[in-house]
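So the structure is just underneath, and the comments pick up after that.
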Amino acid sequence: MPLLTAQSISKSYPSATEVPLNILTDVSLSLAAGENVAIMGPSGSGKSTLLSILGTLERPTSGQITIADVNPLELPEPELAAFRSQKIGFVFQDHHLLPQCTVLENVLVPFLAGGRAGQEEVAQAKHLLERVGLADRTLHRPAQLSGGERQRAALARALVRSPQLLLADEPTGNLDSANADAIVELLLELQQETKAVLVVVTHNAHLARKLQKQLTLDHQNLKATD
Ligand code: ADP
Ligand code: MG
């Protein structure tokens, strides 16, 4: 039983000419709990667009997605936002941490969508910060962390609500190779523990090979990587 399915996803944007810009055409994908996949492809091939659609941040022009048996495209916006914050964890190339908040506060941010963060939530955030090696940095501000540490904090934030779907868009794009390796290893470790579905967009073929499957966006469609 797949946890994530995308069926015949197409995405086009209006363009300055009469012909719309087709970014994705008939993309299908199906992943079960515990599976992970790397998506590669040149800049501009639609990787971030596909990830945004899988993450319900953007709507496809046509096609369907299901996440944990729910069709998120049918949910009204407030319910969709709640669904997204509960079921989906995002990691971006830029950590997107709030500069004025401590590391611990940043990791608690996903709980704020659902109201407030009580003792249990704080304990979960601290547990994850320990897990990513930041137990002694919980009161640091993002500017006081190294690039690799910032991305570890972003991982903890993405995982704090135990999402069933983890989406990472070039999560190691700003890191040196040792830190990039460590982040991918950690991401895979946490994903295997939680049995989430993990989709990682990366330019890095060496990192992509650490995942179970490698796909490439080519001519608006997903193909097995050569
Ligand atoms: P990638 O992540 O593979 O580099 P993107 O998904 O960001 O590629 O973008 C794919 C193409 O879609 C690009 O050519 C870009 O210009 C176009 N595009 C992305 N977002 C928009 C948008 N909001 N409006 C119009 N065109 C867009
Ligand atoms: Mg991109």
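Per numbering that gives the first Met the number 0, the very first residue in the sequence shown carries number 0; after that it's consecutive. Yeah, the Cβ is synthetic: ideal placement off N, Cα and C, and Gly gets one too. As the structure is a prediction and not an experimental result, all values here were calculated from the model.
Check                                                                                                                                                   : Outcome
Within 10 angstroms of its Cβ, does Arg136 collect 16 or more other Cβ (buried), or is it exposed?                                                      : buried
Can you list the beta strand (DSSP E) stretches of 3 or more residues lying completely in the region 32-86, in chain order?                             : 35-39 and 61-66
Would you check whether the ligand ADP has a heavy atom nearer than 6 angstroms to the C-beta of Gly62?                                                 : no
Can we say the region 154-170 touches the region 192-199, given the rule of at least three CB pairs closer than 8 angstroms?                            : yes
Ser27: which of Pro13, Ser14, Val18 and Pro1 sits nearest, CA to CA?                                                                                    : Pro1
Quick one: Cα of Val131 to Cα of Ala152, how far?                                                                                                       : 7 angstroms
Give me the Cβ distance between Ala179 and Leu206, rounded to the nearest whole Å; I'm assuming they're in contact under 8 angstroms.                   : 6 angstroms
Who are the Cβ neighbours of Leu50 in its own chain at under 7 angstroms, not counting the five residues just before and after it?                      : Leu166, Asp168, Val198 and Val200
Grab the span of the alpha helix (DSSP H) containing Val183 for me, first residue to last.                                                              : Ser176 to Thr193
Would you identify the three-state DSSP class for Pro1, choosing helix, strand or coil?                                                                 : strand
Determine the DSSP secondary structure at Asp25, reduced to helix, strand or coil.                                                                      : strand
Hey, Arg160 and Pro77 are a contact pair by Cβ (cut 8 angstroms); roughly how many whole angstroms apart?                                               : Incorrect: roughly 17 angstroms between the Cβ atoms, too far for contact.
Hey, how far is the Cα of Glu104 from the Cα of Leu111?                                                                                                 : 10 angstroms
Quick one: what's got a C-beta closer than 8 angstroms to Arg58's C-beta in the same chain, skipping five residues either side?                         : Ile52 and Leu72
Do Lys46 and the ligand MG come close, with the Cβ less than 6 angstroms from some heavy atom?                                                          : yes
What is the rounded straight-line gap between the Cα of His95 and the Cα of Val18?                                                                      : 35 angstroms
From Leu158 to Thr16, what does the alpha carbon distance come to, in whole angstroms?                                                                  : 42 angstroms
Pull up the distance between the alpha-carbon of Gln219 and that of His202, whole angstroms please.                                                     : 17 angstroms
Ordered along the chain, which non-local residues of its own chain (more than five positions away) have a Cβ less than 6 angstroms from that of Ala116? : Leu107 and Phe110
Arg208: buried (16+ other C-beta within 10 angstroms of its C-beta) or exposed?                                                                         : exposed
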